[in-house]
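Asks: Can you keep this structure in mind? I'll have questions shortly.
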Amino acid sequence: KKFHMNATFDADGTLTTYIDGAAVDGYYPTPDDGAKQTVVDTMKRIGAVIWSSQWEGWVPSDWNCPGYAGGLDYSEFSVSNLIIFAPNGVVQ
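Under this note's numbering, the residue at position 16 of the sequence shown is numbered 118, and the numbers go up by one with no gaps.
Here you go:
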């Protein structure tokens, strides 16, 4: 099943994540002001990296997803329609 993911950093370093337009929240622990400032300082200094992967432990197994064989051999993963807002430019 495809879904739309959006991650946004505010100017103060606050990360807000959305799945299909619905905010994902309730994370614990919540980043404190020092952690958010580290995000701001790091992005200003060196920017950010986009990384996406699929780990064996994160795919459904046959015991919790009926009809699914489990494991990476039976899984699919893709990233498409990636849109990046980068006011200071993008480096590949």
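Yeah, the Cβ is synthetic: ideal placement off N, Cα and C, and Gly gets one too.
As the structure is a prediction and not an experimental result, all values here were calculated from the model.
With Ala-137 as the anchor, note down where its alpha helix (DSSP H) starts and where it stops.
Replies: First-last of the alpha helix (DSSP H) with Ala-137: 135-147.
Asks: Candidates Asp-114, Tyr-129, Val-181: which alpha carbon is nearest Lys-146's?
Replies: Selected option, being the one with the closest Cα: Asp-114.
Asks: With a CB to CB cut of under 6 Å and the five nearest residues on each side skipped, what residues in its chain are close to Thr-119?
Replies: Ala-109, Val-126, listed in sequence order.
Asks: I need the boundaries of the beta strand (DSSP E) containing Phe-111, first residue and last residue.
Replies: That run of the beta strand (DSSP E) goes 107-111.
Asks: Would you tell me roughly how many angstroms separate the C-alpha atoms of Pro-131 and Leu-117, rounded to the nearest one?
Replies: Going from the Cα of Pro-131 to the Cα of Leu-117 covers about 13 Å.
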